[in-house]
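Data block below; observations after.
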Amino acid sequence: MRVYIKSVVLILILSLSACKSTKKVTATNDDLASAKIIASHYETHPQFETLAARLKIRYSDPDRTQSVTVSLRMQKDETIWMSASVLGISLAKAMITKDRVQFYEKIDGTYFDGDFKLLSDLLGAELTYKQVEGLLLGEPIYDLREGGFSAGATGSRYLVAPRQQQNLFNLFFYLNAGAFTLQEQRLTQAKEQRDLTIKYGDYTREQNGYFPTEVTIIAQEKDKETRVDIEYRGVDFNTEVSFPFSIPDGLKEIKL
Numbered sequence: 091m092r093v094y095i096k097s098v099v100l101i102l103i104l105s106l107s108a109c110k111s112t113k114k115v116t117a118t119n120d121d122l123a124s125a126k127i128i129a130s131h132y133e134t135h136p137q138f139e140t141l142a143a144r145l146k147i148r149y150s151d152p153d154r155t156q157s158v159t160v161s162l163r164m165q166k167d168e169t170i171w172m173s174a175s176v177l178g179i180s181l182a183k184a185m186i187t188k189d190r191v192q193f194y195e196k197i198d199g200t201y202f203d204g205d206f207k208l209l210s211d212l213l214g215a216e217l218t219y220k221q222v223e224g225l226l227l228g229e230p231i232y233d234l235r236e237g238g239f240s241a242g243a244t245g246s247r248y249l250v251a252p253r254q255q256q257n258l259f260n261l262f263f264y265l266n267a268g269a270f271t272l273q274e275q276r277l278t279q280a281k282e283q284r285d286l287t288i289k290y291g292d293y294t295r296e297q298n299g300y301f302p303t304e305v306t307i308i309a310q311e312k313d314k315e316t317r318v319d320i321e322y323r324g325v326d327f328n329t330e331v332s333f334p335f336s337i338p339d340g341l342k343e344i345k346l
């Protein structure tokens, strides 16, 4: 049985690579309703310092399917740590901080160690820790409060999108019309036939906000689909956490 934690981490990170900053637009009086919708969404974010959770992650692409149990620990705005295990044996670990991305898999005998500047330069787009953290927590990969976004009702949801979409991609956020929680964020590149969709299942009331119980990431490129399903199984907030991490000797470095 192989562990694909590096694939999961790369999906979390590289799937955001096309997300260049949107252009800011001066707000007008017509934007007051949009501002209220966006502000209501940010009031749903739970407030915590640390998080410890068990995850069930299912990874699938056209060639393989893999399920694995993952221990997740987080220091808000600082560190994301994951350890994947099979039958209680730790086989892979990842640690993401504001400046660095590290992970390894013992079975494949590979590791990666690099910083966000390296990844940003490689991908030609700004990439941040906050984007990765937000993806896991049910938060937008952009700060919608910085301006340049409009919001309006569409069916049973609110649609939030840039007033001026980029030439290279289109970006959309869908909020629950009642609770204002994030239901879906989507980035499309029609010319390249690429589509990244991040969906959130039910939320639970936690820490004066709402926390997602399920996250589904679907990366589509032409006729190839890669999917990561994340199910939270038990979450503890503001408990003492540690982040033990060291890359074992003898592993081969992954060159992106």
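The sequence shown begins at 91 in the numbering used here and counts up by one. We put the beta carbon where it would ideally sit given N, CA and C, even for glycine.
Query, Result
"Among N266, V222 and F202, the one whose alpha carbon lies nearest that of F188", "Residue 188 is actually Lys in this sequence, not Phe. Nearest option by C-alpha distance: V222."
"Which listed residue (D167, L341, N266 and T155) has its alpha carbon closest to that of T134", "N266"
"CB-CB length for Q192 against Q297, believed under 8 Å", "With 8 Å as the limit, Q192 and Q297 do not qualify as a contact, their Cβ atoms being about 28 Å apart."
"Inter-stretch contact (C-beta, 8 Å, three-pair minimum) for the region 278-298 and the region 310-323", "yes"
"Sequence ranges, beta strand (DSSP E) only - wholly within the region 197-263, length at least 3", "200-205, 239-244 and 247-252"
"N- and C-terminal bounds of the beta strand (DSSP E) containing K126", "Careful: K126 lies outside any beta strand (DSSP E), inside the alpha helix (DSSP H) at L122 to Y132."
"Alpha-carbon spacing of Q255 relative to L277, whole angstroms", "11 Å"
"For Q275, the residue or residues it bridges with in DSSP", "F263 and I288"
"Exposure label - E315; buried when at least 16 CB within 10 Å", "exposed"
"Stretch pair the region 298-307 + the region 161-177: three plus CB contacts closer than 8 Å", "no"
"Pair within 8 Å by beta-carbon distance, Y290 and G242", "no"
"Extent of the continuous beta strand (DSSP E) to which V160 belongs", "R154 to Q165"
"Presumed contact (8 Å Cβ cut-off) between K166 and S157, rounded CB distance", "That belief does not hold up - the Cβ atoms of K166 and S157 are roughly 28 Å apart, past 8 Å."
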